[in-house]
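A.B. asks:
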Amino acid sequence: MEKNQEFTVTIEDMSEDGAGIGKLDGYIWFIKDTVIGDRVRARAMKMKKSYGFARLMEVIEPSPVRAEPRCPAARPCGGCQLQFMKYEEQLVFKERKIKNNLMRIGGFREEEIPMLPIMGMEYPWRYRNKAQFPFGLNKNGEIITGFYAGRTHDIIENEDCLLGVEENKEILGIIRGFMQRNRIKPYDEKTHRGLVRHALIRKGFKSGEIMVCLVINGKSLPYGERLAEELMQIPGMTSISYSVNEEKTNVIMGKEIVNLYGPGYITDSIADVTYQISPLSFYQVNPVQTEKLYGTALEYAGLTGEETVWDLYCGIGTISLFLAQKARKVYGVEIVPQAIDDARRNAKLNGMGNVEFFVGKAEEVLPEQYEKSHIYADVIVVDPPRKGCDQMCLDTILRMQPKRVVYVSCDSATLARDLRYLADGGYVVEKVRGCDMFPMSGHVETVIMMTYCGYKKE
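End of the sequence shown = 1702 in this note's numbering, gap-free, step of one.
This is the structure:
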């Protein structure tokens, strides 16, 4: 097979990131925007020794699980890897992904994986409470905004992503019109010139409060008060600011935030817990599913009001405060100082005096507090980044031997690796449940409950 040569293949499986997999004469092809059961015509793009990547040219026979994408930018944008698949089949795909990783990477037998049904959404659209839109120019020199196409910094024009809130479209139209009238140019990565880099928009689903933060390549925003006045006409507008980012970097937000209107944050609540969210706060993007996810984590923690709980990688204290409702004492650990500031503020906001937060790496703070301050744990909850838990952190968990470990994961591959380590150290997997935080994408969250049995694998 040579580059640009076309061929016909049936899709038999799907990869971790949602690309279709077909085989031709024993050679494996990965083809985006296809689903299991599709018979397609594809064009060879990039070949390795035993596998290659091809571009979908035509769906000759659609699979029974194939769906017509609702978003016109679905293919070029690439943010919704699974929009071509019926939603109920997306849930099957994600559940299978979790189980396969636990078996293949974690080495667990199928009977050792007590899977509960995945938590899906009744309406898997308009669920994102946060979006970050880059600004640029099209070929005609007109200001555009949207999303970067996969693995590029080419902007696919789209002001109304169907995963985001409906207010995004109006807000982006106001910003674009403001830039045009005042001849404010979007940022150009190649020349490091131009002012407006991104617009961050957040909405509290329970409170209805909206935040807009422009990220700019400069110290000030010309006519910023005029922009604020226009944005303030949108119902729910609570906080307007800009973030100074003059670095040549892929990091979106700068460290300095300048307030134009409002308190500098919005509030929102998950179940009975209220949070203040600033432009730099980490806060789960799907509040409907977050309530299910954290509720499950709380259930798995099995708290009676007598327990000491450690919440590692705690962010702004979202899970910590959930746990504090039913624990005697909760200790939260997070490496980002601003997040801990938010966490302490949120604890005060909710009148929770049984929570204490530490700034630092979980793998350093946990051993130090265990060995020096003799702080024990009945339950440890971990919600690490994609790379999973640090081994020192896992070693300390094994030394502390809490009765239960609740692991919330955004990557079932690193989850499987860490569970194997804990299982070899004396823990048993009691419950496994997926939570679809990101419908239409290939990502899935998982929440696990482990209990200590004392048997260590030699």
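The C-beta atom is built at its ideal place from N, Cα and C for all residues, glycine as well.
Could you pull out every unbroken beta strand (DSSP E) segment of at least 3 residues lying fully inside the region 1504-1566, listed in chain order?
C.D. replies: Runs found: 1510-1514, 1517-1521, 1552-1556.
A.B. asks: Express the C-alpha separation of Y1538 and K1675 in angstroms, rounding to a whole number.
C.D. replies: Their backbone Cα atoms lie some 15 Å apart in a straight line.
A.B. asks: Measure the C-alpha to C-alpha separation of P1531 and E1250 and round it to an integer number of angstroms.
C.D. replies: So the alpha carbons of these two residues sit roughly 44 Å apart.
A.B. asks: Quick check: A1587 and F1566, are their CB atoms within less than 9 Å of each other?
C.D. replies: For A1587 and F1566, no; Cβs fall outside 9 Å.
A.B. asks: Measure the alpha-carbon distance for G1264 versus Y1544 and round it to whole angstroms.
C.D. replies: The straight-line gap from Cα to Cα measures roughly 35 Å.
A.B. asks: Is the Cβ-Cβ distance between I1584 and G1576 less than 9 Å?
C.D. replies: Contact: yes.
A.B. asks: By DSSP's criteria, W1273 is part of a beta bridge. Which residues make up the other side?
C.D. replies: G1266, G1296.
A.B. asks: If you reduce the DSSP assignment to three classes, tell me which class R1302 lands in.
C.D. replies: Before going further, note that residue 1302 is Glu rather than Arg in the sequence given. If DSSP states are grouped into helix, strand and coil, E1302 belongs with the strands.
A.B. asks: Using the beta-carbon count (16 or more within 10 Å), is E1703 buried or exposed?
C.D. replies: The first residue shown for the chain is 1245 and the last is 1702, placing residue 1703 beyond what the model contains.
A.B. asks: What span of residues does the alpha helix (DSSP H) with M1365 cover, start to end?
C.D. replies: No alpha helix (DSSP H) holds M1365; DSSP gives it neither H nor E.
A.B. asks: Within the continuous beta strand (DSSP E) that includes I1624, where are the two ends?
C.D. replies: Note, I1624: beta strand (DSSP E), 1623-1626.
A.B. asks: What's the C-alpha gap between M1291 and Y1271?
C.D. replies: Near 10 Å, if we compare the C-alpha coordinates of Y1271 and M1291.
A.B. asks: Checking contacts by CB at 9 Å: is G1604 closer than that to chain D?
C.D. replies: The question asks about chain D, but that chain is absent: this structure has only one protein chain.
A.B. asks: So A1660 is in the alpha helix (DSSP H); what residue range does that whole segment cover?
C.D. replies: Element bounds for A1660: 1656-1668.
A.B. asks: Roughly how far, in whole angstroms, is the beta-carbon of V1409 from the beta-carbon of R1370, given that I think they are within contact range, below 8 Å?
C.D. replies: The Cβ separation is near 6 Å, so the contact holds.
A.B. asks: In the DSSP assignment, find the alpha helix (DSSP H) that holds R1588 and state where it starts and stops.
C.D. replies: Per DSSP, R1588 belongs to the alpha helix (DSSP H) from 1581-1593.
A.B. asks: Only counting the same chain, and skipping five residues up and downstream in sequence, which positions put a Cβ closer than 7 Å to that of D1257?
C.D. replies: For D1257, where only same-chain residues beyond five positions count, the Cβ hits under 7 Å are I1265, I1280.
A.B. asks: For C1457, which residues does DSSP report across the bridge?
C.D. replies: Per DSSP, L1444, S1485.
A.B. asks: Which residues mark the beginning and the end of the alpha helix (DSSP H) in which K1636 is found?
C.D. replies: It is worth fixing the name first, because residue 1636 is Met in this sequence and not Lys. 1635-1644 is the span of the alpha helix (DSSP H), which, as asked, contains M1636.
A.B. asks: Can Q1325 and M1684 be called in contact, C-beta distance under 9 Å?
C.D. replies: Yes, these two residues count as a Cβ contact at 9 Å.
A.B. asks: Report back the beta-carbon spacing between V1672 and M1694 to the nearest angstrom; my notes put them in contact at under 8 Å.
C.D. replies: With 8 Å as the limit, V1672 and M1694 qualify as a contact, their Cβ atoms being about 6 Å apart.
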